[in-house]
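No gaps in the numbering here: position 150 of the sequence shown is 516 in the working numbering, and each next residue is one more.
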Amino acid sequence: EVAGGAVRIRGETLGIMGLGRIGQAVALRAKPFGFNVIFYDPYLPDGVERSLGLQRMATLQDLLMHSDCITLHCSLNEHNHHLINDFTIKQMRQGCFLVNTARGGLIEEKALAQALKEGRIRGAALDVHESEPFSFANGPLKDAPNVICTPHTAWYSEQASIESREDAAKEIRRAITGHIPDGLRNCVNKEYLLLAAQWSGIDPAAVHPELNGATAYRFPPGVVGVGT
Numbered sequence: 367e368v369a370g371g372a373v374r375i376r377g378e379t380l381g382i383m384g385l386g387r388i389g390q391a392v393a394l395r396a397k398p399f400g401f402n403v404i405f406y407d408p409y410l411p412d413g414v415e416r417s418l419g420l421q422r423m424a425t426l427q428d429l430l431m432h433s434d435c436i437t438l439h440c441s442l443n444e445h446n447h448h449l450i451n452d453f454t455i456k457q458m459r460q461g462c463f464l465v466n467t468a469r470g471g472l473i474e475e476k477a478l479a480q481a482l483k484e485g486r487i488r489g490a491a492l493d494v495h496e497s498e499p500f501s502f503a504n505g506p507l508k509d510a511p512n513v514i515c516t517p518h519t520a521w522y523s524e525q526a527s528i529e530s531r532e533d534a535a536k537e538i539r540r541a542i543t544g545h546i547p548d549g550l551r552n553c554v555n556k557e558y559l560l561l562a563a564q565w566s567g568i569d570p571a572a573v574h575p576e577l578n579g580a581t582a583y584r585f586p587p588g589v590v591g592v593g594t
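1. In angstroms with no decimal places, state the Cα-to-Cα distance between T543 and R531.
2. From the DSSP output, in three-state form, read off I404 for me.
3. Less than 7 Å separating the beta-carbons of V595 and A391?
4. What distance in whole Å lies between the Cβ atoms of G384 and D407, which are believed to be in contact at a cut-off of 8 Å?
5. Thinking just about the alpha-carbon of each residue, which of H447, G505, A468 and K456 is nearest to the one in I382?
6. Closest to L426 by CA distance: which of F405, K476 and E444 is it?
7. Is the beta carbon of H495 sitting closer than 7 Å to the one on G470?
8. By DSSP, does A372 sit in helix, in strand, or in coil?
9. Using DSSP with H/G/I as helix, E/B as strand and the rest coil, what is G593?
10. In terms of alpha-carbon separation, which member of L478, L472 and D452 lies closest to E444?
11. Under 7 Å Cβ to Cβ from G400, same chain only, skipping five residues before and after it: list those, please.
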């Protein structure tokens, strides 16, 4: 009774919605477990499926109809808000599993809750939610069976926190040593960032100690090192 509803992965079809960097990583990890992997992504050029050894679905409906488990890996925009709703759920295979680690707004949670109660969706695993911080007790999924909810906290791991601080320090060090930050995106006239810095007026002692060790970089005129 405890294992009721369990299925064997080998031979099942995993449908990936959105085959970007994360979607591709999921596909490569799923295949060794015996999943047949299909995907739908209207933004990818033709031929990607051949290089990855995957099967591409021409439409979203095709993906829904042929998947035993669907996992979402797409960004949220005005066109795909509540992409998983009562209408699209009815196009899924009876007893399909649903996984969402992308954006909460992709799923209409009321429709998902109803589908879980009726058994149309066998189980759901959600790391993202329409309202965050997530409150299981107050949301539409509170009475739904066979749902696992996690609090969208992978970014707060110890390793991620360390990497974030290190990346920030590296970018600041690049800026104060006369380089355009590597992580700069969609910035207009970024070349003027270099002209705006008055290097001769920088007090090295005012630089945070975490930025020590920048001696391998080219220092601007008047700056002989980074603060101690």
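Glycine included, each C-beta is placed from N, C-alpha and C at the ideal position.
Quantities reported herein were computed from a predicted structural model and do not represent experimental measurements.
Walking through what the data contain:
1. As a first step, residue 543 is located in the sequence shown; it is residue number 177 there, counting from the start. As a first step, residue 531 is located in the sequence shown; it is residue number 165 there, counting from the start. About 18 Å.
2. Along the sequence shown, read from residue 1 onward, the residue named residue 404 stands at position 38. Note: I404 maps to strand in three-state DSSP.
3. No answer is possible for residue 595: it lies beyond the span of the chain, which begins at 367 and ends at 594.
4. Mapped onto the sequence shown, residue 407 falls at position 41. Mapped onto the sequence shown, residue 384 falls at position 18. Correct: roughly 6 Å between the Cβ atoms.
5. Start at 1 with the first residue of the sequence shown, and residue 382 comes out as number 16. If we check each option's Cα against that of I382, A468 comes out closest.
6. Taking the sequence shown and counting its residues from 1, one reaches residue 426 at position 60. Minimum Cα distance to L426 is reached at F405.
7. Here residue 495 is taken as the residue at index 129 of the sequence shown, counted from 1. Here residue 470 is taken as the residue at index 104 of the sequence shown, counted from 1. In this structure, G470 lies closer than 7 Å to H495 by Cβ.
8. Stepping through the sequence shown from its first residue, residue 372 is reached at position 6. In this structure, A372 counts as coil in the three-state DSSP scheme.
9. Numbered from 1 along the sequence shown, position 227 holds the residue referred to as residue 593. Confidence in G593 is poor, its pLDDT being 48 and thus under 50, which makes the residue's placement unreliable; the coordinate value appears in the next sentence. In the structure shown, G593 sits in coil (DSSP, three-state: anything other than H, G, I, E or B).
10. Counting from one through the sequence shown, the residue named residue 444 turns up at place 78. The option with the nearest alpha carbon to E444 is L472.
11. In the sequence shown, the residue the question calls residue 400 occupies position 34. I375, R376 and G377.
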